[in-house]
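K.L.:
So the protein sequences, as listed, match chains A and B. Throughout the first sequence, residue numbering follows numbering that gives the first Met the number 0, covering 0 to 740 in sequence. Throughout the second sequence, residue numbering follows numbering that gives the first Met the number 0, covering 0 to 231 in sequence. Glycine included, every Cβ here is placed at the ideal spot set by N, Cα and C. Below you'll find the structure I mean.
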Amino acid sequence: MKLNKRYVRSIKANLPFYIAASVLTMVTLLMFYLFYIAGTGINAYGDEFFSKYKLESATFSTYKEIPDEELSALESKYGVTLEKERFAGVDDGDVRVRVFAPNKKIDLYDIQDGRDLRSDGEVLISAGFAVENGVKPGDKIKIGGKEYTVAGTFLRPDYLYMVENESDDYKNVTSFFLAYMTENEFTSRFGGGSINNKVIYGAGTDETAFRKQVNEDYFMSGYLAAANNKRVTFVHEQADMFLMSSWFILVIFPLLTVALVCILLGRRIRAEQKLIGTLSALGYEKSKLMRHYSLFALIPGVIGGILTSVAALILSTPFGSLGLADYEPMKPEFHLPVWVAVAGVVIPALIYYFAAMLRVRRLLSEDTVKLLAGQVGNDAKSRRILSRKKAPIKRKFAVRQLIGSPGRSFVIFLGIFLGAMIVAFAFSFIDSVKAVGVQAHGEFGSFKYEYILNTLKDGRPEDGEAVFALPYEDKEARRFTLMGLDGDAVLWNRTLTSGESADTDNGFYITTLFEEIFGVHKGDPFTFRSIATLEEKTVRIDGVIKNGYQSYILTSREKAAEIAGVEGEHYNAVLSDKALGYKSEEVIEIISDKTYETQMDNMMTAMGGLIYAFMIIGMIVCIASLYATINTVIAENSHNISMLKVLGYENRRINSMILSSNHLLLIPGIALGIAAAYGVMAWYCAEFVEVESIIIPATLYPQSILCTALITTASYIISLLLLCRKVDRTDMIAALKDGRE
Amino acid sequence: MFIEIKGAKKQYGTGEAAVYALDGVDFSLEKGKICVILGPSGSGKSTLLNMIGGLDSLDSGEITVDGQNITGLSKKALTAYRKQNVGFIFQFYNLIPDLTVEENVQVVSEIAADPLDMDEILTALDIAKYRYRFPRELSGGQQQRVAIARAMVKNPKLLLCDELTGALDTRSSRSVLKFIEKINNRYGTTTLIITHNEAIADLADTVVRIRDGKIASVTENAKKRTADEIEL
Numbered sequence: 000m001k002l003n004k005r006y007v008r009s010i011k012a013n014l015p016f017y018i019a020a021s022v023l024t025m026v027t028l029l030m031f032y033l034f035y036i037a038g039t040g041i042n043a044y045g046d047e048f049f050s051k052y053k054l055e056s057a058t059f060s061t062y063k064e065i066p067d068e069e070l071s072a073l074e075s076k077y078g079v080t081l082e083k084e085r086f087a088g089v090d091d092g093d094v095r096v097r098v099f100a101p102n103k104k105i106d107l108y109d110i111q112d113g114r115d116l117r118s119d120g121e122v123l124i125s126a127g128f129a130v131e132n133g134v135k136p137g138d139k140i141k142i143g144g145k146e147y148t149v150a151g152t153f154l155r156p157d158y159l160y161m162v163e164n165e166s167d168d169y170k171n172v173t174s175f176f177l178a179y180m181t182e183n184e185f186t187s188r189f190g191g192g193s194i195n196n197k198v199i200y201g202a203g204t205d206e207t208a209f210r211k212q213v214n215e216d217y218f219m220s221g222y223l224a225a226a227n228n229k230r231v232t233f234v235h236e237q238a239d240m241f242l243m244s245s246w247f248i249l250v251i252f253p254l255l256t257v258a259l260v261c262i263l264l265g266r267r268i269r270a271e272q273k274l275i276g277t278l279s280a281l282g283y284e285k286s287k288l289m290r291h292y293s294l295f296a297l298i299p300g301v302i303g304g305i306l307t308s309v310a311a312l313i314l315s316t317p318f319g320s321l322g323l324a325d326y327e328p329m330k331p332e333f334h335l336p337v338w339v340a341v342a343g344v345v346i347p348a349l350i351y352y353f354a355a356m357l358r359v360r361r362l363l364s365e366d367t368v369k370l371l372a373g374q375v376g377n378d379a380k381s382r383r384i385l386s387r388k389k390a391p392i393k394r395k396f397a398v399r400q401l402i403g404s405p406g407r408s409f410v411i412f413l414g415i416f417l418g419a420m421i422v423a424f425a426f427s428f429i430d431s432v433k434a435v436g437v438q439a440h441g442e443f444g445s446f447k448y449e450y451i452l453n454t455l456k457d458g459r460p461e462d463g464e465a466v467f468a469l470p471y472e473d474k475e476a477r478r479f480t481l482m483g484l485d486g487d488a489v490l491w492n493r494t495l496t497s498g499e500s501a502d503t504d505n506g507f508y509i510t511t512l513f514e515e516i517f518g519v520h521k522g523d524p525f526t527f528r529s530i531a532t533l534e535e536k537t538v539r540i541d542g543v544i545k546n547g548y549q550s551y552i553l554t555s556r557e558k559a560a561e562i563a564g565v566e567g568e569h570y571n572a573v574l575s576d577k578a579l580g581y582k583s584e585e586v587i588e589i590i591s592d593k594t595y596e597t598q599m600d601n602m603m604t605a606m607g608g609l610i611y612a613f614m615i616i617g618m619i620v621c622i623a624s625l626y627a628t629i630n631t632v633i634a635e636n637s638h639n640i641s642m643l644k645v646l647g648y649e650n651r652r653i654n655s656m657i658l659s660s661n662h663l664l665l666i667p668g669i670a671l672g673i674a675a676a677y678g679v680m681a682w683y684c685a686e687f688v689e690v691e692s693i694i695i696p697a698t699l700y701p702q703s704i705l706c707t708a709l710i711t712t713a714s715y716i717i718s719l720l721l722l723c724r725k726v727d728r729t730d731m732i733a734a735l736k737d738g739r740e
Numbered sequence: 000m001f002i003e004i005k006g007a008k009k010q011y012g013t014g015e016a017a018v019y020a021l022d023g024v025d026f027s028l029e030k031g032k033i034c035v036i037l038g039p040s041g042s043g044k045s046t047l048l049n050m051i052g053g054l055d056s057l058d059s060g061e062i063t064v065d066g067q068n069i070t071g072l073s074k075k076a077l078t079a080y081r082k083q084n085v086g087f088i089f090q091f092y093n094l095i096p097d098l099t100v101e102e103n104v105q106v107v108s109e110i111a112a113d114p115l116d117m118d119e120i121l122t123a124l125d126i127a128k129y130r131y132r133f134p135r136e137l138s139g140g141q142q143q144r145v146a147i148a149r150a151m152v153k154n155p156k157l158l159l160c161d162e163l164t165g166a167l168d169t170r171s172s173r174s175v176l177k178f179i180e181k182i183n184n185r186y187g188t189t190t191l192i193i194t195h196n197e198a199i200a201d202l203a204d205t206v207v208r209i210r211d212g213k214i215a216s217v218t219e220n221a222k223k224r225t226a227d228e229i230e231l
């Protein structure tokens, strides 16, 4: 039909709107795409790597070494794969090394750079440390006073997140690394070394029976399932965090953006009502007109979707890599699944298509005469505001624009709201993570140092407060710590959610995080078992301690020892409000009141790139949505603008008159955007407990609120400045010819 | 002369599609006179009005109004020129729909250097009783009177009327023309009316006929008639 000739002309005439709407669609969809691609890419890489390099099901140690011939018997009996791993710890002062003899069946290494070992004078070192410290194949490195040539770097599946100790929360690739030596060299340096048993369970393995037999025959001294090993689980947890974020983003931001673009498209179509009425009067069928206008609406959807796919292809790898900055240098391939790319183009395009179609249909249900006169949607009831009041015209005009055109005001509000929400969400993410660092230690207690000892000691320490702590697991093998304190100990937090203090001498208390993870509440019985012996014990929970960062059961030292089957007074950790003189060989780890804060700061440094990318996207959304919206406002006001120009109003004054009413929407838009971001963050944090086993307090500091307000206002001003020329370019004569009221 | 136009040319489009809206117009008008410019549709009369009013600019030639050469003025200077000197009245009134009658007039008086008394104008045009109504609540004739009030409140030197009765019935047209006549008599405002209605020519001191962008004739009206006397 001849009408189709309008497409190019109309697109040219409304190009800024189509660009802004396409950019909006692209940017918000891109956020979803990037998080989704990163999540699926990491998951796929993890699954493949774990499978290819034979990730363990668990690591365990025994007091009595399992003879080699018994390993085969156990393998046959339980359908498992077993291997003894030989290792030794070397402390070189500033750097600590965990040296391994190569495994053959479980937790195999993958060379990243260089080549495998060929001689006794060579070592392989963990890739993260090599990258961090600039060590390359061919370089020399000293381990325990002996110099080796670095043959290559490697990754291994049970160390993709490099924590030195099981209890550490944050990686260490600066002063700790793994190394492989040849069997021969390992034996000559360390003899048999220490032994860890690695197991991979088969599909039909009765894990409990296996563990019970190992304990009965060889006395289990430690057991860590891969599912509880953060060196392993952090990979999928990171992927899950990306995926969870992607669905949050999808539910909130693209939906709001699509709604905004639909509203703007509707208003654009309504502005064409005279033409629609004319074509209808000329005999054009409703279906033809609906199709004609719907095709215009496809433009931002299709262009936005295609741009999203292209941008996602370019950005997915650097974006995903930003999220993996904390990990060993894995190299996942980030692919955009075809169905996601197609859905990204088709879904918004179809939504815009049908929104436009419905709008035209609604218009055509109106009286044609009203359409021809351009009177549809010009309900003037609320324009009477201030009509009998003495006030400057500018103010009256602004108030009527605001209240008299609620639809128009709503889209501007939505643009400001959306921008503020995304920016505030990014700030809230940063603040919430920081809050963990700042608040966490307060919920731990008032101690300055916690010394985790590597041996069990008797009696009471000379300085500090004694703690007896051992790990246990529930029936689903989820681990936690059972801690015992003396009744007069004051350095550990005992404050219950009710405000009272936990009476540890006479009860068992869990933390709020424990409550979230295990689904146990005050008054409930809770059954758990020893990790070594699998002996079960049931206790009744007497209260909940306010602590969203640690998952433990707190009781008296006496009860904790009794459950562990140990007689007498013992402790394996010491709390102190001052530094104590423990030697480094006596302690596994020293936790200070700044440890958690430092770890969170490190986490933010690693995640900073992601968050700031998110913030920039927020600003783009803010500018693009406001640009598209205010562009529409100016187009709708072109008659008034022309008339004011004819009457001798300067552009500056016209801008102020037409657009000043929108300034009033800034405050509620920003305020509600911030409130919504906080709400979304609280929701996100609640879901985050499942993924990361930590209760993050949704936080937004005053300075972040101020920054959000400033960034949103700046985006608003930028979009106004971009549109200043639009008023200048408004054709007075053409608009006046069309200005029949 | 209050208005002097020399060799005014304006072309729209290029190449084969080029149309000369004004093709060498020379014309002048004395201060305080009423001039009616007659011509069929597309003859260039609206273009001429737009040029004199500073809404558009010439390709070549010169326009001087009250001694001020407005040819080649910047957009900013043209805005100031319109603000200080010119009152416009359009066929379709072009009132601001969001503003009441009073506010539509006030929108000009607020920026005028030496505005007339608004109440006096509204009373003179017999629209004071509608001051709190919105344009859509008025008849065409009433809206046009509001447009006249808006044009006059700044006490312009020059009143430009583009087919001001084109959308009105005979009774409303006569009423509107009477007000134009009254304003000219009371304030001595130089008035330019463009129309294709020959009957309005009788109201003028000077009648200019324009065809195909050129002045066809300029005649002084020896037997000027009042609005009540002309046959619309």
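Look at A/L123 and A/A150 and say whether their C-beta atoms are less than 7 Å apart.
P.N.:
Cβ distance < 7 Å, so A/L123 and A/A150 count as in contact.
K.L.:
I'd like to check one pair, A/E82 with A/K197: are the Cβ atoms closer than 7 Å?
P.N.:
Going by C-beta atoms, A/K197 is nearer than 7 Å to A/E82.
K.L.:
Give me whichever residues DSSP pairs with A/M219 in a beta bridge.
P.N.:
In the DSSP output, where bridge partners are listed per residue, A/M219 has A/T61.
K.L.:
What is the rounded straight-line gap between the Cα of A/L362 and the Cα of B/A166?
P.N.:
Near 27 Å, if we compare the C-alpha coordinates of B/A166 and A/L362.
K.L.:
Which residues in chain A have a C-beta closer than 7 Å to the C-beta of B/N154? List them in chain order.
P.N.:
In chain order: nothing, as chain A lies at least about 13 Å away.
K.L.:
Can you list, in chain order, the residues of its chain with a C-beta nearer than 6 Å to that of A/E740? Leave out the 5 residues immediately preceding and following it.
P.N.:
Bear in mind that the predicted position of A/E740 carries a pLDDT of just 41, short of 50, making it too unreliable to give a figure here.
K.L.:
Of all Cβ atoms in chain A, is any one closer than 7 Å to the Cβ of B/F87?
P.N.:
For B/F87, the answer is yes, since a Cβ of chain A falls inside 7 Å of its Cβ.
K.L.:
For A/A112 and A/T152, I'd like the C-alpha separation in whole angstroms.
P.N.:
It is Asp, not Ala, that sits at residue 112 of chain A in the sequence shown. Rounded to whole angstroms, A/D112 to A/T152 spans 5 Å at the Cα level.
K.L.:
Which class does B/G212 belong to by DSSP, given the choice of helix, strand or coil?
P.N.:
Of the three classes helix, strand and coil, the one that applies to B/G212 here is coil, per DSSP.
K.L.:
Return the Cβ separation of B/Y19 and B/G212 in integer angstroms, given the expectation that the two are a contact with Cβ distance under 8 Å.
P.N.:
Right, the Cβ-Cβ distance comes to about 5 Å (below 8 Å), so this counts as a contact.
K.L.:
Return the chain-ordered list of same chain residues with a C-beta closer than 6 Å to the C-beta of A/L70, the five sequence neighbours on each side being excluded.
P.N.:
Result list for A/L70: L81, in chain order.
K.L.:
With DSSP run on the structure shown, which of helix, strand or coil describes A/N661?
P.N.:
The answer is helix: DSSP assigns A/N661 an H, G or I state.
K.L.:
To be precise: take each residue of the region 387-419 of chain A, compare its Cβ to all Cβ atoms of chain B, and keep it if any distance is under 9 Å. Which residues remain?
P.N.:
Residues R387, P391, I392, K393, K395, F396, R399, Q400, G403, S404.
K.L.:
Can you name the residues of chain A whose CB is closer than 8 Å to the CB of B/E109?
P.N.:
What B/E109 touches in chain A: P391, I392.
K.L.:
Taking C-beta pairs closer than 9 Å, name the residues in chain A that B/D97 reaches, listed in chain order.
P.N.:
Here the neighbours are A379, R382, K395, F396, R399, Q400, G403, S404, N639.
K.L.:
Are there 16 or more other CB atoms within 10 angstroms of the CB of A/N505, so buried, or fewer, so exposed?
P.N.:
Flag for A/N505 reads exposed.
K.L.:
What are the start and end residues of the alpha helix (DSSP H) that includes A/F16?
P.N.:
From DSSP, the alpha helix (DSSP H) with A/F16 extends over 14-51.
K.L.:
Look at the alpha carbon of B/V217 and the alpha carbon of B/I229, and state the distance between them as a whole number of angstroms.
P.N.:
If I take the Cα positions, the gap works out to 20 Å.
K.L.:
What are the boundary residues of the beta strand (DSSP E) that includes B/A17?
P.N.:
Element bounds for B/A17: n/a, residue is neither H nor E.
K.L.:
Reducing DSSP to helix, strand and coil, say where A/K135 ends up.
P.N.:
Note: A/K135 maps to coil in three-state DSSP.
K.L.:
Report yes if the CB atom of A/F353 is closer than 7 Å to the CB atom of A/V679, and no otherwise.
P.N.:
No; because the gap between Cβ atoms is not below 7 Å, this pair is not in contact.
K.L.:
Find the residues of chain B that neighbour A/I657, judging by a C-beta separation of less than 8 Å, and give them in chain order.
P.N.:
Those do not exist, as A/I657 stays about 11 Å from chain B at its closest Cβ, beyond 8 Å.
K.L.:
With H, G and I counted as helix, E and B as strand and the rest as coil, what does DSSP make of A/D504?
P.N.:
In this structure, A/D504 counts as helix in the three-state DSSP scheme.
K.L.:
Using a 10 Å radius around the Cβ and a threshold of 16 neighbouring Cβ atoms, would you call A/E420 buried or exposed?
P.N.:
First, the amino acid is wrong: residue 420 of chain A is Met here, not Glu. A/M420 comes out buried.
K.L.:
Shorter than 7 Å from the beta carbon of B/V106 to some beta carbon of chain A?
P.N.:
Chain A, which has a Cβ nearer than 7 Å to the Cβ of B/V106, makes this yes.
K.L.:
From B/K75 to A/K287, what does the alpha carbon distance come to, in whole angstroms?
P.N.:
So the two alpha carbons sit approximately 45 Å from each other.
K.L.:
Any C-beta of chain B sitting closer than 7 Å to the C-beta of A/M240?
P.N.:
No - not a single Cβ of chain B is within 7 Å of the one on A/M240.
K.L.:
How many Å lie between A/D457 and A/Y108 at the Cα?
P.N.:
The straight-line gap from Cα to Cα measures roughly 41 Å.
K.L.:
Entirely within the region 621-699 of chain A and at least 3 residues each: give me those beta strand (DSSP E) ranges in chain order.
P.N.:
Correct list: empty.
K.L.:
For chain A, check one thing: does any of its Cβ atoms lie closer than 7 Å to the Cβ of B/E162?
P.N.:
Not an interface residue.
K.L.:
Please report how far the alpha carbon of B/G14 lies from the alpha carbon of A/D730, in whole angstroms.
P.N.:
Going from the Cα of B/G14 to the Cα of A/D730 covers about 23 Å.
K.L.:
Assuming contact is defined by CB atoms lying nearer than 7 Å, are A/L417 and A/V586 in contact in what I supplied?
P.N.:
Cβ distance not < 7 Å, so A/L417 and A/V586 don't count as in contact.
K.L.:
Among B/E109, B/E162, B/K181, which residue has its Cα nearest to the Cα of B/T122?
P.N.:
Cα-wise, what sits closest to B/T122 is B/K181.
K.L.:
Taking 6 Å as the cut-off, is the beta-carbon of A/F424 closer than that to any non-hydrogen atom of the ligand GTP?
P.N.:
This structure simply doesn't include the ligand GTP, nor any ligand for that matter.
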